[in-house]
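Everything on this sheet refers to the single structure shown next.
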Amino acid sequence: MPPPDHSAASPDPIVDARGIVVRFGDVTAVDGVDLQVRRGSIYALLGPNGAGKTTLIRVLSTLLKPDAGVAMVAGIDVVADPPMARTRIGLAGQFAAVDEYQTGRENVEMIGRLYRLSRAESRTRTSEILERIGLMEAADRRVGTYSGGMRRRLDLAASLIGRPEVMFLDEPTTGIDPRSRVGVWELVQDLVAGGTTVLLTTQYLEEADQLADRVGVIDRGRIITEGTADELKDTMGGTIVEVEPPAGRHEEFRRVLASAVEGEVTWDPQRGHLRLPAAEGAASLMAVTRALDAADLVPDDITTHKPTLDDVFLSLTEDDAPATNAADDPDPQRSRTRGRKARR
Amino acid sequence: MTTATAPTSDTGRIGLADVVSDTLVVTRRGLIRNIRLPQLLVFATIQPVMFLLLFNYVFGGVIGTQIPPAAGGKYINFLMPGLLVQIVVFGAGQTAIGLTEDLNNGVIDRFRSLPMARSAVLAGRTIADLVRNAFVVSLMLVVAFAIGFRYQSSFLGFLGGVALALAFAFTLSWVMASIGLRIKNPEAVQSAVFIPVFPFVFASSVFVPPETMPSWLRAFADHQPVTIIANAIRGLMLGEGILPAGQTVAGQTLLALAWIVGLLVVFAPLAVRLYRRAVT
Ligand SMILES: Nc1ncnc2c1ncn2[C@@H]1O[C@H](COP(=O)(O)OP(=O)(O)O)[C@@H](O)[C@H]1O
Ligand SMILES: [Mg+2]
Chain A
21 MPPPDHSAAS PDPIVDARGI VVRFGDVTAV DGVDLQVRRG SIYALLGPNG AGKTTLIRVL
81 STLLKPDAGV AMVAGIDVVA DPPMARTRIG LAGQFAAVDE YQTGRENVEM IGRLYRLSRA
141 ESRTRTSEIL ERIGLMEAAD RRVGTYSGGM RRRLDLAASL IGRPEVMFLD EPTTGIDPRS
201 RVGVWELVQD LVAGGTTVLL TTQYLEEADQ LADRVGVIDR GRIITEGTAD ELKDTMGGTI
261 VEVEPPAGRH EEFRRVLASA VEGEVTWDPQ RGHLRLPAAE GAASLMAVTR ALDAADLVPD
321 DITTHKPTLD DVFLSLTEDD APATNAADDP DPQRSRTRGR KARR
Chain B
28 MTTATAPTSD TGRIGLADVV SDTLVVTRRG LIRNIRLPQL LVFATIQPVM FLLLFNYVFG
88 GVIGTQIPPA AGGKYINFLM PGLLVQIVVF GAGQTAIGLT EDLNNGVIDR FRSLPMARSA
148 VLAGRTIADL VRNAFVVSLM LVVAFAIGFR YQSSFLGFLG GVALALAFAF TLSWVMASIG
208 LRIKNPEAVQ SAVFIPVFPF VFASSVFVPP ETMPSWLRAF ADHQPVTIIA NAIRGLMLGE
268 GILPAGQTVA GQTLLALAWI VGLLVVFAPL AVRLYRRAVT
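Line by line, the protein sequences give chains A and B. Add 20 to the 1-based position in the first sequence for my numbering, that's all there is to it. Add 27 to the 1-based position in the second sequence for my numbering, that's all there is to it.
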C-alpha cells in the first residue's frame, strides 16, 4: 500500500534528514547529520574533499542505506520507500554520467524514457531542455566531442527531464572552466525559478556564496555550522584584517596579534596570511599596527576586507591554528579537533 | 520549465510492462555502444574472421588428416563449430568491461536514482551483447560458407548448433557481469576476464580433438564446458560420427544445455545481487 502523498500539503522542509550516520568499516563518513532544506530554495553543502558530501547525497538520493537516521524527501521516506522517492528526485553525480558515444539528444531522451515519459513526450521535452541549456546546436553531435562544461550541463538536463521536485547536484562545477561554471550556475538558478528545490555540494566558497539561500559547512561527516551566507559572514564580525608576515614568522606574529585584538587569529598557510576580526573597524586596525610596532614586527602587507565565506570556512576547519589564543596553546601543531563547534 | 514540477508517477511501483520497456531502452543503449565504439566493432568482427582464416589455412593441412571422417575430410567443417564457441567466449568479457565502466562513470548511480526497473540495467546489457554475438556469429558463418564449410547433418541440426552457441554466449554474459560487478575496477577486470579465457579455449576440443593431449590435460579438456558445448554443436552440425566414441548427439546436447542452464541459474541471481549492492 503506497503511503499518502504529502508533497502538495507539506511546504517546509522538502528535505528533512535527521541523525544520518553512514559508516564504511572504521570510517564514519557521515556522523549524525541533521539537514533541512526549504521548498524552492538552493542549499549548498560546503566542505573539503572527504568531508562526507557525496555519501550524504547518496543517502538522500536512495543509493545508499544509512546506518542510522531518517530522511524525508518531498514527503517520502527515502529509506523506507526508495522506489517512490525516485519518482520525485533527480541526481547529477560527481562525474557527468553521460554516454560519450550517444548524441546529447539521445542521452536526454533515454533518461526521459526511463522516467516513464512516452516516446513523444520525451522527444518534445528533450528539445525544450536542450534549447534552454543552450545545447541545441550540439544536440546531434556525439557527447565525446563536448567540452567538460557542456557535459555537465547535459548531465543536469538529463535529470531535469523527469521534472524532479528535488535535484541533488554533487559538485556540479568541479573540474570545469570558470566560464562554463557561470553557465551551470545560471542553469541552477533557472531550475529553482521553475519551482525545483536544489541541494548541491561544493568545495568552492564562491559557489555557495553566489548560489545558495542557505549554506551548511560540512567537515568530517558533521555539519559544523549552518546559515545564510550573510549570517555566516556576520559571525566573523564586521571587517577582517589580513596580515602577511615575512616567511616563517607567523607564530611570532600570531602571539602579538592575539593579545592585541578580541577574537580568533587564524593562519591561512595557502595564502600566507594571518586573519583576525576587526570588530571596531579602523580602531581595531590601528590597535593591530600599534601592537606590531611595539613588538618591532614589520609585516609584508596589511589589508582589510569584508568577511567572505572563505574566512568562515577557514576559521571553522583550519588545520593548525588553536581555537582562541595562540599564546595559551602549548601545541599549535596539534591535529584539528573533531567537530569543533561553531561560534555564534 | 514553465509549469510547476510534477511527479512522473505516483508510486514508483514497477509493473511487467515497465520492466520490458526499461529493458528495451537499456538494450538500445548497449547496441548503440556496440555499434559506435570502433575498437569494439573491429574486435568483434575482424578477430573472429582472422581466426577462421588463419586456423583453417595454417593448421588445416596438418590437422585435417587427423580428424574423424565425419568432418567430410575438411578441417573447416571441424573447426567452424569450435570457433563459434571460441568467439563467444572471447567476446563475453565485453559485458564485464562495459559494466565496470558504467559503475565507475556514475552511470549506474544515475540509473539507480531513476524510477526504473533495476533488473533492466543488467538484462539490457546482456541482451545487447547477445545481439552483438548474433551479428558476429552470422558474419562468421558467411565467411565460413564462402571458404567451404558445409554442415553434414541437417539444416535443423545446423540451426540447433548456432542456437546453442548463442545460448552459451548469453549465459557467459551473466558470468562476466558477476565478475565485473565483483571486481569493479576496469583494468583489473580486463585481466580477470581475458586470462582464464585462454586455457579454457585452447585446452578444449575447439581446435583439435583432445585425444593427443597428455592425460592430465585431457582430463580437464574432456570435462570442461567449452569442450562440452563445442562437441554438442559439432554433433548437431556434423552428425554423431564426429563425436568421440560413446558420445551421442542427444547426450552431448543435453549435457551442454545442463551446463548452460546451470551456469545461468547460479550467475544471473548472483549478478543481480551484486548489482543491488554495487557501491563505488
Ligand atoms: N564506498 C566507500 N568505502 C569506504 N570508504 C568510503 C566509501 N565512500 C566514501 N568513503 C569514505 O568516506 C569519507 C567521505 O567520503 P565522501 O562522502 O566521498 O566525501 P566528499 O564527497 O565530501 O569528498 C571519506 O573518508 C571516504 O574515503
Ligand atoms: Mg564527493
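A virtual CB, placed ideally from N, CA and C, is assigned to each residue, including glycine.
The beta strand (DSSP E) that contains residue i, what's its start and end?
| i | result |
| --- | --- |
| residue 56 of chain A | 47-57 |
| residue 63 of chain A | 62-66 |
| residue 319 of chain A | Run containing residue 319 of chain A: none; DSSP gives neither H nor E here. |
| residue 238 of chain A | 234-239 |
| residue 233 of chain B | Note, residue 233 of chain B: premise wrong, no beta strand (DSSP E); not H, not E. |
| residue 286 of chain A | 286-288 |
| residue 206 of chain B | Note, residue 206 of chain B: premise wrong, no beta strand (DSSP E); alpha helix (DSSP H) at 182-210. |
Relative to the alpha-carbon of residue i, which residue among the options has its alpha-carbon at the smallest distance?
| i | options | result |
| --- | --- | --- |
| residue 93 of chain B | B/208, B/295 and B/269 | B/269 |
| residue 117 of chain A | A/298, A/175, A/274 and A/189 | A/175 |
| residue 140 of chain A | A/173, A/123 and A/181 | A/181 |
| residue 207 of chain A | A/122, A/93, A/283 and A/154 | A/154 |
| residue 310 of chain A | A/331, A/288 and A/273 | A/273 |
| residue 298 of chain A | A/288, A/291, A/289 and A/281 | A/281 |
| residue 250 of chain A | A/228, A/189, A/93 and A/262 | A/228 |
| residue 188 of chain A | A/195, A/169, A/216 and A/196 | A/216 |
| residue 221 of chain A | A/51, A/45, A/69 and A/73 | A/73 |
| residue 324 of chain A | A/304, A/315 and A/198 | A/304 |
| residue 288 of chain A | A/319, A/236, A/326 and A/263 | A/263 |
| residue 265 of chain A | A/232, A/318 and A/138 | A/318 |
| residue 216 of chain B | B/229, B/202 and B/228 | B/202 |
At a cut-off of 8 angstroms, is residue i close to ligand 2 when judged by its beta-carbon and the heavy atoms of the ligand?
| i | result |
| --- | --- |
| residue 69 of chain A | yes |
| residue 73 of chain A | yes |
| residue 274 of chain B | no |
| residue 227 of chain A | no |
| residue 191 of chain A | yes |
Span of the alpha helix (DSSP H) holding residue i?
| i | result |
| --- | --- |
| residue 118 of chain A | That residue, residue 118 of chain A, is in no alpha helix (DSSP H); it is neither H nor E in DSSP. |
| residue 82 of chain A | Note, residue 82 of chain A: premise wrong, no alpha helix (DSSP H); not H, not E. |
| residue 141 of chain B | That residue, residue 141 of chain B, is in no alpha helix (DSSP H); it is neither H nor E in DSSP. |
| residue 81 of chain B | 65-81 |
| residue 220 of chain A | No alpha helix (DSSP H) contains residue 220 of chain A, which is instead part of the beta strand (DSSP E) from 217-222. |
| residue 149 of chain A | 139-152 |
| residue 190 of chain A | Not the alpha helix (DSSP H): residue 190 of chain A falls in the beta strand (DSSP E), residues 186-190. |
| residue 155 of chain A | From DSSP, residue 155 of chain A is part of no alpha helix (DSSP H); its letter is neither H nor E. |
| residue 249 of chain A | 249-254 |
For ligand 1, is there a heavy atom less than 8 angstroms away from the beta-carbon of residue i?
| i | result |
| --- | --- |
| residue 188 of chain A | no |
| residue 190 of chain B | no |
| residue 238 of chain A | yes |
| residue 76 of chain A | yes |
| residue 221 of chain A | yes |
| residue 114 of chain A | yes |
| residue 241 of chain A | yes |
| residue 44 of chain A | yes |
Does the separation of the CB atoms of residue i and residue j fall below 9 angstroms?
| i | j | result |
| --- | --- | --- |
| residue 37 of chain A | residue 91 of chain A | yes |
| residue 159 of chain B | residue 113 of chain B | no |
| residue 67 of chain A | residue 230 of chain A | no |
| residue 185 of chain A | residue 108 of chain A | yes |
| residue 71 of chain B | residue 170 of chain B | no |
| residue 225 of chain A | residue 276 of chain A | no |
| residue 103 of chain A | residue 39 of chain B | yes |
| residue 190 of chain A | residue 40 of chain A | no |
| residue 124 of chain A | residue 163 of chain A | yes |
| residue 267 of chain A | residue 241 of chain A | no |
| residue 155 of chain B | residue 53 of chain B | yes |
| residue 295 of chain A | residue 308 of chain A | no |
| residue 146 of chain B | residue 297 of chain B | no |
| residue 108 of chain B | residue 265 of chain B | yes |
Helix, strand or coil for residue i? Go by DSSP, reduced to three states.
| i | result |
| --- | --- |
| residue 272 of chain B | coil |
| residue 89 of chain A | strand |
| residue 36 of chain A | strand |
| residue 75 of chain A | helix |
| residue 330 of chain A | helix |
| residue 260 of chain A | strand |
| residue 197 of chain A | coil |
| residue 113 of chain A | coil |
| residue 351 of chain A | At residue 351 of chain A, the pLDDT of 35 sits below 50, so the modelled position is not reliable; the number obtained from the coordinates is stated separately. Residue 351 of chain A: coil per DSSP, three-state reduction. |
| residue 260 of chain B | helix |
| residue 181 of chain A | coil |
| residue 227 of chain B | helix |
Anything in chain D within Cβ reach of residue i, meaning under 9 angstroms, just list it in chain order.
| i | result |
| --- | --- |
| residue 122 of chain A | Given the protein chain composition of this structure (A and B), no chain D is represented. |
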